[in-house]
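These notes concern the structure reproduced below.
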Amino acid sequence: MWENIYIRNSLCALVLVATTFQFNSQPPSLTSPGPQGATQWRLVWADEFDYHGLPDPKKWGYDVGGQGWGNKELQYYSEHRKENARVENGLLIIEARREAMNGQEYTSARLVSKGKGDWTYGRIEVRAKLPSGRGSWPAIWLLPSSKVYGGWPNGGEIDIMEHVGFDPDVVHSSVHTKAYNHSINTQKTAKINVPTSRTEFNTYTIEWTPNEIRAFVNQQQFFTFKNERLTNPAADYHQWPFDKPFHLLINIAVGGTWGGSQGVDQSIWP
Numbered sequence: 000m001w002e003n004i005y006i007r008n009s010l011c012a013l014v015l016v017a018t019t020f021q022f023n024s025q026p027p028s029l030t031s032p033g034p035q036g037a038t039q040w041r042l043v044w045a046d047e048f049d050y051h052g053l054p055d056p057k058k059w060g061y062d063v064g065g066q067g068w069g070n071k072e073l074q075y076y077s078e079h080r081k082e083n084a085r086v087e088n089g090l091l092i093i094e095a096r097r098e099a100m101n102g103q104e105y106t107s108a109r110l111v112s113k114g115k116g117d118w119t120y121g122r123i124e125v126r127a128k129l130p131s132g133r134g135s136w137p138a139i140w141l142l143p144s145s146k147v148y149g150g151w152p153n154g155g156e157i158d159i160m161e162h163v164g165f166d167p168d169v170v171h172s173s174v175h176t177k178a179y180n181h182s183i184n185t186q187k188t189a190k191i192n193v194p195t196s197r198t199e200f201n202t203y204t205i206e207w208t209p210n211e212i213r214a215f216v217n218q219q220q221f222f223t224f225k226n227e228r229l230t231n232p233a234a235d236y237h238q239w240p241f242d243k244p245f246h247l248l249i250n251i252a253v254g255g256t257w258g259g260s261q262g263v264d265q266s267i268w269p
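Counting along the sequence shown from 1, when you hit position 52 you're at 51 in numbering that gives the first Met the number 0, and nothing is skipped either side.
This is how it looks when you write it as C-alpha cells:
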C-alpha cells in the first residue's frame, strides 16, 4: 500500500540582513513510495517553530566544522549557539556572522535532521526568505543518512533550493550522483527566476517518488530527474541512489567555490 510522505517547512527565511536564514514553518514530512503524480500526502514530520531559543533538539542536530567539507567556504559551522541558529517570533533564523572561530573568518550554522527525521520518498516543502549580498550561499537540501553506496557522490544529493548572492533573482535545484555530479560537470540541474526571493517568503518543494524527483517554486514545476533504473537495464545506483533514507539540511555558507566565485562583500555581515 502506497504511503506518500509530506515534508513541510513553512516559513523558512533569512532575516532582513543579507546573512540571516529564518524559518517559520513545518519542515519535512515524508512517507513511503507513492505513485507518480500522487496528490495525497500524509504529514509525518514538522516543526512549527512555536517556541523560543535554540532549535528543537528532538528534531535538529548540527554539522560542525570549517571550510564546507571541500567547498573552500569561509565560515565555521557552530552548534548550540543562538548567534548562528535560533527560533524567535515563529521563525527559525540561521545567521552567518563575520567573527573568527577555529581559524575561520565567519561563523554560521548547518542544521540537520539526521537521526531525528530520515525518509525514503516523500514531499518536502519549505517556505523561505533568502539573504542578499555577494558571498552568501544558502541551501536547503538532502543527503543520505547512511553510506550504503559509499561517500559523496555515490550516495546521492538532492538540492531543493540553492541561491548565490551574486545572482540574486535566481534559485537552483539539482541532483548529484556518481554518474551525474558537478565535479565532472555532469550534474542534473535547473534554475528559475524568483525576483522576490530576498524580499518575500516563497515556497520551495520537491516531490520524490521511486519514479522521479520533481522541484517546484510556489507550485510551479521547473525541474525533473527521472529514475533511469526503470528504463535502462544497465543503470544502477550510479544513476539513481535515491532508494535509501535521506535527511534534511539547512545552512547558509559564506564564500566558497560557488558562493564566493565573484568575491565576498565584507560589509554585509553582522
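Note that beta-carbon positions come from the ideal geometry of N, C-alpha and C, so glycine has one too.
Residue nearest to residue i in terms of C-alpha spacing, selected from the options
i, options, result
"W68", "G150, F245, N184, S260", "G150"
"Y236", "E104, Y179, G121", "Y179"
"E199", "L142, I123, S131, N231", "S131"
"R96", "T188, G259, K190, I251", "I251"
"Q220", "V43, D158, E98, I191", "I191"
"R109", "V253, P269, Q265, W268", "V253"
Which of helix, strand or coil DSSP assigns to residue i
i, result
"E98", "coil"
"H162", "coil"
"L129", "coil"
"L229", "helix"
"H181", "helix"
"E47", "coil"
"I267", "coil"
"V147", "coil"
"L42", "strand"
Neighbour-count burial assignment, residue i, 16 or more Cβ in a 10 Å radius
i, result
"T202", "buried"
"Q261", "exposed"
"I183", "exposed"
"Q74", "buried"
"N83", "buried"
"T185", "exposed"
"G102", "exposed"
Residue i versus residue j: straight-line alpha-carbon distance, rounded
i, j, result
"P54", "P152", "29 Å"
"N70", "G255", "5 Å"
"G164", "N210", "33 Å"
"M100", "Q39", "46 Å"
"L91", "F48", "6 Å"
"R145", "P244", "One point to set straight first is that residue 145 is Ser, not Arg, in the sequence displayed. Looking at the two C-alpha atoms, the distance is approximately 8 Å."
"I249", "V111", "7 Å"
"W239", "R122", "18 Å"
"H181", "I159", "16 Å"
Proximity test, Cβ basis, 7 Å: residue i and chain B
i, result
"K225", "Reference to chain B is not applicable here, since this structure consists of a single protein chain."
heavy atom of the ligand FAD below 6 Å from residue i C-beta
i, result
"N217", "The ligand FAD is absent from the structure shown, which contains no ligand whatsoever."
Neighbourhood of residue i by C-beta, 8 Å cutoff - its chain only, sequence neighbours within 5 removed
i, result
"W64", "Here residue 64 is Gly; the residue named in the question, Trp, does not match the sequence. Only Y75, Y76 meet the Cβ criterion."
Same chain, Cβ closer than 6 Å to residue i, five either side skipped, listed in chain order
i, result
"E161", "A138, H171"
"V147", "K243"
"Q35", "Note on Q35: pLDDT 47, under 50, position unreliable in the model; the coordinate value appears next. So the qualifying residues of the chain are T208, N210."
Close Cβ partners of residue i (< 7 Å) along its chain, the five nearest in sequence each way excluded
i, result
"K113", "G60, S144, H246"
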